[in-house]
Amino acid sequence: MSLATESMVRRQAGAISPDALKQMQSAVFAADELLSSLAMHVRLDRDELKPELEDISVQDMLERIDLLFATRAQHTGLRWRVLPSLCKVRSNPLLLERMVCDLVANAMRYTPQGGVLLSWEPGGTTSFTPGSLFIVVACLCWAIDNNLTRKVSTNDAMLVAALKGLVAGSFNTALALGSGASWPSLPGVWGSLLVGFFGYGLSLTLFVVGLRTLGTARTGAYFCVAPLFGVIISLAVWHSVPGPTFWLAAGLMALGVWMHIRERHVHQHTHEPLEHAHEHRHDEHHRHEHAFAWRGDAPHVHSHRHEVITHEHPHYPDVHHRHTHRP
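In this text, residue positions in the sequence shown follow our numbering: the first is 134, and each later residue adds one.
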């Protein structure tokens, strides 16, 4: 894409203003970067890209990122500064650099617009707060967390939810106390625990089950309708009537969920050899012997092995159907 644009610019020399040329080159660079990032994420999601760990010099990576983004930051009007580092980390060089580049690119792409939206108040003045970048980082960490949770979704969902809630709750509590907050009253603590049980614990447990049976993308799409319950409650409590834009957005969201639910994914596929442990019943995917007594129709948990099998049936990208697709 970049070569094609350069060729066109050379043929049209003199007919394109410098500002238009900069905008064109910036747009092409952004499109190339976006396509490259999407391609890598698809390969990771399909388990086609196996990370290979090695010791990486952070300074070398920062120098390449500096060369890549310094000019873009200048054109965007942002202050760009890269501090030297002597650190070394053990990771996959390609994936780590791609992740950092995605974070920087998103910050550059959405900082002016996103900063205005996050700090805008009706009737007030427009200003950008650096704190909005923390929201971008939090969203990135949330996406990474969802994909990592999928890796452990075959384990007990309640245990995964309990461990995540314990770690996150302890960290947030320590952060609040360290920032000067005081302990709430006892009724406030019990109320917080009750809301946390339904709003986080139960929800996260069901989310882990969804990752196991539906895959990351579909589970995320279904859970995106969660704010609608808050909207329904607010409409019942305050009796306010939203405008046409709200109903249009609600209709589009409902249409997207309906399309997900109505989707029927059927094709012939092959299961590769796999050994793992999770709760299961014996079906066409679970045909193995046991070294212990068990009821044939009862769900049970143990380490078991899947042999190669080729068949065709409706399925979702669950723990047994994470295979590649060819056009």
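From the three backbone atoms N, C-alpha and C, an ideal C-beta is built for every residue, glycine too.
Just so it is clear, the structure is predicted and the values come from calculations on it, not from any experiment.
Relative to the C-alpha of residue i, which candidate in the options has its C-alpha closest?
i	options	result
C347	H453, T204, S218	The sequence shown places Leu at residue 347, not Cys. Residue H453 is the option with its Cα nearest to L347.
S190	S218, H439, V270, G313	S218
G343	L296, T287, V237	T287
R214	I366, H446, D199	D199
R212	Q401, A240, F362	A240
C234	T349, F202, P317, A387	F202
P436	T443, F425, D430	In the sequence as presented, Pro is not what sits at residue 436; that position holds Ser. Measuring from the Cα of S436, the nearest candidate turns out to be F425.
D278	A382, V237, G353, E396	G353
P360	M194, A387, H409, L310	A387
I442	Q401, L381, L186	Q401
Q192	L186, K183, C220	C220
S336	G298, L273, V322	G298
S273	A350, H393, L236	The question names Ser, but residue 273 is Leu in the sequence shown. For L273, the nearest C-alpha among the options comes from L236.
A206	A238, C357, L381	A238
R397	E445, N305, A382	E445
R280	G210, R351, F331, G302	Arg is not the amino acid found at residue 280; the sequence shown has Asn there. Answer by Cα proximity: R351.
M194	T209, T338, G210, M232	M232
Y355	A271, T204, M392	M392
G329	G302, L227, A271	G302
L216	T209, N225, E196, V222	E196
K284	T349, L308, W275, F362	T349
S224	H208, G210, E185	E185
D188	G210, L227, H208	L227
H439	E408, L292, G363	E408
Please confirm whether residue i has its beta-carbon closer than 9 angstroms to some beta-carbon of chain D.
i	result
W380	In the structure shown, chain D does not exist; there is a single protein chain.
In this structure, how does DSSP classify residue i when only helix, strand and coil are distinguished?
i	result
D193	helix
T352	helix
E412	strand
V237	helix
H208	helix
R438	strand
L407	strand
H393	helix
T127	With the chain represented from 134 up to 460, any question about residue 127 goes unanswered, as that position is not in the structure.
P447	strand
V399	strand
G329	helix
S367	helix
P360	helix
K183	coil
S373	coil
D111	Absent from the model: residue 111. The displayed extent of the chain is 134 to 460, so no value can be given.
A424	coil
S318	coil
W323	helix
T259	Because T259 sits at a pLDDT of 47, beneath the cut-off of 50, its placement in the model cannot be relied upon, and the following sentence gives the value as read from the coordinates. Coil, per DSSP.
G313	coil
N288	coil
L308	helix
R231	helix
R283	helix
V342	helix
L296	helix
L200	helix
V269	helix
L465	Here the chain covers residues 134 to 460 and nothing more, so residue 465 does not appear.
On the CB-based measure, 16 or more other CB atoms within 10 Å of its CB, does residue i come out buried or exposed?
i	result
Q246	Residue placement at Q246 is poorly supported in this model, since its pLDDT is 45, which falls under 50; the coordinates still yield a value, given next. That one is exposed.
V374	exposed
A290	buried
R345	buried
P377	exposed
F267	exposed
V341	buried
P432	exposed
T282	buried
A294	buried
P406	exposed
P447	exposed
P450	buried
L250	At L250, the pLDDT of 39 sits below 50, so the modelled position is not reliable; the number obtained from the coordinates is stated separately. By the 10 Å Cβ count, L250 comes out exposed.
Who pairs with residue i in a beta bridge, going by DSSP?
i	result
K221	S190
H433	H413
query = Between the region 359-374 and the region 402-415, are three or more C-beta pairs nearer than 8 angstroms?
reply = no
task = Tell me, please, whether the region 360-368 touches the region 302-317 by the rule of three or more beta-carbon pairs shorter than 8 angstroms.
result = no
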